[in-house]
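Below is one structure, written out as structure tokens; the observations come after it.
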Amino acid sequence: MPKPVRAIAWALVFSFGVCGPAGAQWWLNVPTSNVPRAAGGEPNLAAPAPRLADGRPDLNGVWEPIKTYSRDLAADLHPDTKSVPFQPWAKKLADERGDGAHSRDDPPARCLPQGVPRLAGAPGPWKLVQTPGLIVVIYESFTLWRQIFTDGRKLADEVNPTWLGYSTGKWDADTLVVETRGFNGKAWLDQVGKPSTEQLRVTERYRRKDYGHLDMEITIDDPGAYTQPWTVVEHFDLRPATDLLEFVCNENNRDLTHLQSATD
Amino acid sequence: MKTSTALASLTLTLLAAGLPVQAHHSFAAQYDAAKPITLTGKVTKVEWTNPHIYIYMDVPDEKTGSAVNWALEMGGPNALIRLGWTRNSLKPDDLITVEGSLAKDGSHLANAKSIVMTATGKKMLAGSSGGTGGTGGGAEER
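So the protein sequences, as listed, match chains A and B. Read in order, the letters of the first sequence correspond to residues 27 to 290 in the numbering used here. Read in order, the letters of the second sequence correspond to residues 8 to 149 in the numbering used here.
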């Protein structure tokens, strides 16, 4: 075999062996092509975080929370936040909801959206797709999505309130800073019932600290329910060898008849 | 049984991945972790649906001997698929033993943690939101 042909042949073998689909299957277990690998061939998740051609950190990937932060957003408070600064009405409501007595009224129990930031910390992976000017996040949980515009656009003062709000992002060195507002105030910030209002503004700071690990600092600024902004920290692991599946919650939701509610 | 063997090895592989299960509601508001229950009987129906898979089974009542139909809530299809299940893993007339937690409302409903197939003895985790299912059932909203 002439040398160039042999090189192409090897390139083909290599690319199919590493990148190509391993036979007919769906994408539950498909190794990502460009994962740095250790000597034994396993993914080296402690390798440096990759960068895109423009020099920005590459946040692309399938990520999954290391714990169910959606259960209790205050599970890991930032060192600057000593406790959740509830307003009295919000504390009273959170205490009433906290024992599960109002669980039927929690929007996700009715297959309504988790809201932001609860969605990223809900069980199940999410996929970040980074393009110039726009980052799209697809969440397996309830098959929801967010658009984070990084093209410099400004959000209008008056927007129609929504469950997941309107997001814009900018870079602070290697950290992606996402500001979201325009919420409808219907979401519980977590399953134990911390309330939100239409005044909620959420800041998420995404930092890929190495190949396989992403940290997120989340600041809740909701003067309608809290006396001052407060911040939590969440951690996400890369899932280098799987992908998202559809999850349509409202297909057969039988729980409402069994969950407790204050209206019983 | 070929399928079951394949399932068991898949289960082990995927358990190692430690993917959390999906739960969209509070476990504690619906089930009582302090009331474990073990049910043995025959599968009558499988609802392979979101947000939870339901298995219905006839369990002989200890006193009367007549069958009582129980509903078992499990994780959603994605959680179970990642634990190695397929939609054909359980079929009507299969004999199974289920370990789980009783519903608080007193109905014939339980949250399944694991299922043992009588025919093969294979144990499969049920992706329960309240389960203690090792690494496969780690994260939960309860």
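Note that the Cβ used here is the ideal one computed from N, Cα and C, for glycine as well. Source: prediction; values computed, not measured.
Rounded to the nearest angstrom, what separates residue i and residue j at their Cα positions?
i	j	result
LYS93 (chain A)	ASP65 (chain B)	36 Å
VAL50 (chain B)	ALA79 (chain A)	56 Å
GLY178 (chain A)	GLY159 (chain A)	8 Å
GLY87 (chain A)	TRP92 (chain B)	25 Å
THR223 (chain A)	ALA213 (chain A)	8 Å
ASN95 (chain B)	PRO43 (chain B)	27 Å
PRO266 (chain A)	ASP102 (chain A)	25 Å
VAL142 (chain A)	LEU190 (chain A)	6 Å
ASP248 (chain A)	GLU230 (chain A)	14 Å
LEU170 (chain A)	SER108 (chain B)	30 Å
TRP53 (chain A)	ALA100 (chain A)	34 Å
THR257 (chain A)	VAL110 (chain A)	9 Å
TYR165 (chain A)	LEU270 (chain A)	8 Å
LEU282 (chain A)	ILE161 (chain A)	35 Å
LEU154 (chain A)	PHE209 (chain A)	21 Å
SER33 (chain B)	LEU285 (chain A)	8 Å
TYR61 (chain B)	HIS104 (chain A)	40 Å
ASP216 (chain A)	VAL228 (chain A)	14 Å
PRO133 (chain A)	ASP112 (chain B)	21 Å
GLN254 (chain A)	THR45 (chain B)	49 Å
Determine the DSSP secondary structure at residue i, reduced to helix, strand or coil.
i	result
TRP152 (chain A)	strand
THR56 (chain B)	coil
PRO249 (chain A)	coil
LEU87 (chain B)	helix
GLU243 (chain A)	strand
THR168 (chain A)	According to the sequence as given, residue 168 (chain A) is Phe; it is not Thr. DSSP places PHE168 (chain A) in helix when its eight states are reduced to three.
ASP112 (chain B)	coil
ASP263 (chain A)	strand
LEU78 (chain A)	coil
LEU282 (chain A)	helix
Please check the pair residue i and residue j, which I expect to be a contact at CB under 8 Å, by giving their CB distance rounded to whole angstroms.
i	j	result
TRP55 (chain B)	PRO84 (chain B)	6 Å
LEU226 (chain A)	TYR232 (chain A)	Between TYR232 (chain A) and LEU226 (chain A) the Cβ distance is about 19 Å, and since that is not below 8 Å, they are no contact.
ALA119 (chain B)	ALA133 (chain B)	4 Å
Quick one: which residues of the stretch 244-261 of chain A get their C-beta closer than 8 Å to a C-beta of chain B? List them in chain order. Residues passing the 8 Å Cβ filter: none.
Which complete beta strand (DSSP E) runs does the stretch 88-162 of chain A hold, if anything under 3 residues is left out? Residue ranges of uninterrupted beta strand (DSSP E) with 3 or more members, entirely inside the stretch 88-162 of chain A and ordered along the chain, are 152-157.
Scan the stretch 50-77 of chain B for residues whose Cβ lies nearer than 8 Å to a Cβ of chain A and list them as they occur along the chain. GLU54, THR56, ASN57, PRO58, HIS59 and TYR61
Which residues of the stretch 107-121 of chain B have a Cβ closer than 8 Å to any Cβ of chain A? Give them in chain order. ALA110, LYS111, ASP112, SER114 and LEU116
Along the stretch 122-134 of chain A, where does the CB come closer than 9 Å to a CB of chain B? Name the residues. ASP125, GLY126, ALA127, HIS128, SER129, ARG130, ASP132 and PRO134
In chain order, which beta strand (DSSP E) runs of at least 3 residues are fully inside the stretch 188-216 of chain A? 192-198 and 201-207
Given a limit of 9 Å on CB to CB distance, which residues of the stretch 86-97 of chain B reach chain A? Answer set for the stretch 86-97 of chain B: ALA86, ILE88 and ARG89.
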